[in-house]
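A short write-up of the structure that comes next.
2 protein chains.
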Amino acid sequence: MRLRTPAAVIAFVLSMAVTRHAQTKTIAERLGYPPDSKLLIIHADDLAVAHSVDAASFDALDKNAVTSASVMVPCPWLNEVAAYAKNHPDADLGLHLTLTSEWEVYRWGPVESKDKVPSLLDSSGYLWPQPGPAAQNIKPEEAEREIRTQIERALALGIPPAHLDSPQGTLFATPELFTVFVKVAHDYKLPFLAAKVSDERKKLLALLTEKDIVLDSVVMIGRTVRPEGWKEFYAQAIRDLKPGITEMIVHLGHDDAELQAVTLDHPITSSAWRQRDYDLVTSPEFKKLLEENHIVLVKWRDLQKLLK
Amino acid sequence: MRLRTPAAVIAFVLSMAVTRHAQTKTIAERLGYPPDSKLLIIHADDLAVAHSVDAASFDALDKNAVTSASVMVPCPWLNEVAAYAKNHPDADLGLHLTLTSEWEVYRWGPVESKDKVPSLLDSSGYLWPQPGPAAQNIKPEEAEREIRTQIERALALGIPPAHLDSPQGTLFATPELFTVFVKVAHDYKLPFLAAKVSDERKKLLALLTEKDIVLDSVVMIGRTVRPEGWKEFYAQAIRDLKPGITEMIVHLGHDDAELQAVTLDHPITSSAWRQRDYDLVTSPEFKKLLEENHIVLVKWRDLQKLLK
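Protein chains in written order, with this note's numbering: chain A, 1 to 308; chain B, 1001 to 1308.
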C-alpha cells in the first residue's frame, strides 16, 4: 500500500475500521461522565520542531486552550520541551513518533545511530521527507528500533509520554508499520491514536486488543478550507460532535520568520495556517463554543489511566 | 591542555605562534597587491545554525558587507545554505567544522553514525556543549572521521568549501585535534584558520608546512565591550590594522524570537550581539571606514587559489 500525501495518510487514519469492543461501559462512563458525554481531546502536534511551534503550543497548554500535545523527539528543540515538561509536570505530552523529516530547508535525522537504521534515511542522511517513500523503504524492525529509542530518549529527558501517535501518519501507512506501533505502545502500556470509522481495511483490527482505547473520531481542518472559513469549520466541527470521544488535531505556531522558513513551500500546516489555529483555539469565542455545546475536555493521561 | 571557555579558546587561536615562513613574497604580493597592503577577510560565522543567522548572513554576503562565511554542517538549516550556495556559486563559503553543540535548548548531533563517533557525544547523545569537555573526551581518530564526513556532506550538497575553521576553537584546543584539522585541510588542499602571533606554544608549528597560509592576525569583538562601545571597537580595529592579512570574525543574526531562544542564557554571541554585528557591518559608516583606511577586502577563495 502506498500513501504519498499527508492528506491520504490522514484519510487512512480516519478510516481505520475497528469493530466494537467488548467493553461493557463507554469510555465516558469509565472516566466518570454520563454515557452520552461528548468528550474532546484538543491536541497540538509537532512540539520540538521549531521554537515558534513550541512557544505557541506552550502558551495554548498554559491557557487550557489545548488539552494535550505531542513531541517530535528527533527535532532540534527537544530540550526546550524538556525544560517546559520539567516546569509543567501536569502537561499532557505524548510522543509524535517521527520517521519523516518533511520540510524543505530544515531537516533532521534519526535519534538512533544511523548504521542501525539505514532504511530510515534518504540519500542525504536525513529521515525520508514524505510518508510514501518512508513507508515503502523503511524496514519494520528498524522503525521499531528507532521509535523505542525515541521513547527512551524522552524518558531520559524527563518527558514521560502520555500517549503515542505519528506525524504524517507514517506508522499507520502499512500493516507492518502499524504492527510495530501497536506492539511498542502495548509494551509501554500507552494509549495511541486509533479511531473507529467504518471501512474495509480489516487487516489492522486483529492488532488491537479489547483493552485498547479507540477514539470515536478524529477531526482536523483540511487544505480545502480557506482562511476566511477557518472559524466556521471549527464551529461546525464542535456543533457536529457526537457522544463519544474525539481528538481534534491542531497545528499551532506563530507566523514569524522562523516558521515561514521552516514551512517554506508547504501550504499544508504552513506558518499562516498554524497562526490561524493558534488564534482560534485561544479565542474567547472558541471557549464559549465548547461551553455552549457541553463539550467535556479530556486528556490522553485520563485515557492512559484506564489501561492500568 | 584544558580550555573551558570560548574566550580561552579564541585567545589560544590568536596566540598560536608560527615562525616566519620561507615564502619570498608576502600574501599581498602573491595576490597581486602592493606588499604593504592591508588585506581583510570579513568573515561571518555559524551559517546553518538558525534561520535568523542565515537570513542576516546571506543579506550581508549579498551586500558585500562580509566577504566570507562558514557553515556548520551538522545543523538543521544546512539545506537552506545549500539552496543559497546553488543560487550564489561565487559566495565564499567555508566549513565551520563542528564538534560542539553549545546552546541550551537547541541541540544537534554528529553527521557520522553515532556508533562510529561515540567519544563526540555527551550523555544525551548530542555533541558536547563546550569545547573543554569536548577536547578532553574526543578521540582524535573519531574527530577526523566526523570532520571528513562533514566535508563530504557539504560537497554532496553543492557547498564546495573555500576554507576550514572550527567553532569555539575545539579543533585548536589540543595538539592532537589540531593535527587532525591540519591533516584533513592538507588532504582537501584547503586553507584553514591559523594566525601568527608570537607565543610559547611551539608544538603546533611543526604541523604546518611552508605552503600553508598563515594569517597575520584575527580580530573579534569580546564580551567586555558594551553595546554602546560597539562602533568604536570596530572603528579602532580598522584604524589599527597593520599591513598583512587579517580575518575579522563577526556573528550575524537578527534579534528575533528564534535567535533569542537559540542563544538563551548565552551573553556571548547572543541574538542582540549578532544584531549589533549585522547592523555594524552593513552600515554606510563601516563601508566608509574601510575606504578611508585603504583596506583591501579579500576572500578565502583568493587564498585557496594560492595553494594550487
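Just so you know, even glycine gets a beta-carbon here, dropped at the ideal spot from N, CA and C.
Using 10 angstroms around the beta-carbon of E200 of chain A, count the other beta-carbons present and answer buried if the total reaches 16, otherwise exposed. Residue placement at E200 of chain A cannot be trusted, given a pLDDT of 48 that sits under 50; what the coordinates show is reported in the next sentence. With fewer than 16 Cβ atoms within 10 Å of its Cβ, E200 of chain A is classed as exposed.
Quick check on the DSSP output: the alpha helix (DSSP H) that includes I1151 of chain B runs from which residue to which? 1140-1156
Quick one: Cα of A83 of chain A to Cα of H186 of chain A, how far? 28 Å
Contact criterion: CB-CB distance below 8 Å. Does N79 of chain A meet it with respect to chain B? yes
Sheet register partners of L1040 of chain B (DSSP bridge): B:T1246, B:L1297
Identity of the residue in A:A206, A:K288, A:H254, A:E210 nearest Y234 of chain A by Cα: A:K288
Label R226 of chain A either buried or exposed according to how many other C-beta atoms from any shown protein chain fall within 10 Å of its C-beta, with 16 as the threshold for buried. exposed
Which listed residue (B:D1062, B:G1222, B:V1298) has its alpha carbon closest to that of V1250 of chain B: B:G1222
I want to see whether chain A comes within less than 8 Å of D1115 of chain B, judged by CB atoms only; does it? yes
Closest to I138 of chain A by C-alpha separation, out of A:V298, A:A55, A:T98, A:S57, would be which residue? A:T98
Count the other CB atoms, across all protein chains shown, that sit within 10 Å of the CB of G169 of chain A; report buried if there are 16 or more and exposed otherwise. buried
Along the segment 1045-1078 of chain B, what residues have a CB closer than 9 Å to any CB found in chain A? A1050, H1051, S1052, D1054, A1055, C1075, P1076, W1077, L1078
Taking only runs of the beta strand (DSSP E) that begin and end inside the segment 1086-1140 of chain B, which ones reach a length of at least 3 residues, in chain order? 1093-1096
Under the DSSP definition of a beta bridge, which residues are partnered with S68 of chain A? A:H43
What residues are listed by DSSP as bridge partners for L1215 of chain B? B:A1195
What residues are listed by DSSP as bridge partners for D1165 of chain B? B:H1096
Got a sec? Which residues, its chain only, sit under 6 Å from A22 of chain A by beta carbon, not counting five neighbours each side? Its pLDDT being 45, under 50, A22 of chain A is placed unreliably in this model, and the coordinates cannot settle the point.
Would you tell me roughly how many angstroms separate the C-alpha atoms of L47 of chain A and A55 of chain A, rounded to the nearest one? 9 Å
Indicate the three-state DSSP secondary structure (helix, strand or coil) for L1259 of chain B in the structure shown. helix
Rounded distance between the beta-carbons of S101 of chain A and W108 of chain A, thought under 8 Å: 5 Å
For Q1150 of chain B and S1074 of chain B, believed in contact at Cβ under 8 Å, the rounded distance: It is worth fixing the name first, because residue 1074 of chain B is Pro in this sequence and not Ser. Their Cβ separation, rounded to whole angstroms, is 7 Å, which keeps P1074 of chain B and Q1150 of chain B in contact under 8 Å.
I'd like to know if W1108 of chain B contacts chain A, where contact means its C-beta is closer than 8 Å to some C-beta of that chain. yes
Does the beta-carbon of E1228 of chain B have 16 or more other beta-carbons within 10 angstroms, so that it is buried, or is it exposed? exposed
Would DSSP call A1022 of chain B helix, strand or coil? Its pLDDT being 45, under 50, A1022 of chain B is placed unreliably by the model, and nothing is read from it.
Closer than 6 Å by C-beta to L1193 of chain B: which residues in its own chain qualify, once you throw out the five before and the five after it? Chain order, please. D1165
At least one CB of chain A closer than 8 Å to the CB of E1104 of chain B: is that the case? yes
Counting only Cβ-Cβ distances shorter than 8 Å, please list the residues of the segment 1266-1291 of chain B near chain A, keeping chain order. none
Just confirm the distance between the C-beta atoms of L1297 of chain B and L1040 of chain B, as a whole number of angstroms; I'd bet it's less than 8 Å. 6 Å
Give me the subset of the segment 1241-1270 of chain B whose CB atoms are less than 9 Å from a CB atom of chain A, sorted by chain position. H1254, D1256, A1257, E1258, L1259, Q1260, A1261, V1262, L1264
Contacts that A83 of chain A makes with chain B (C-beta to C-beta distance below 7 Å): V1105
Alpha carbon to alpha carbon, what distance is there between P284 of chain A and L61 of chain A? 15 Å
Helix, strand or coil for A77 of chain A, going by three-state DSSP, please let me know. First, the amino acid is wrong: residue 77 of chain A is Trp here, not Ala. W77 of chain A falls in the coil class under three-state DSSP.
At a Cβ threshold of 8 Å, is V1184 of chain B touching chain A? no
Under the three-state DSSP convention, the category G1253 of chain B falls into: coil
Helix, strand or coil: which one does DSSP assign to T1179 of chain B? helix
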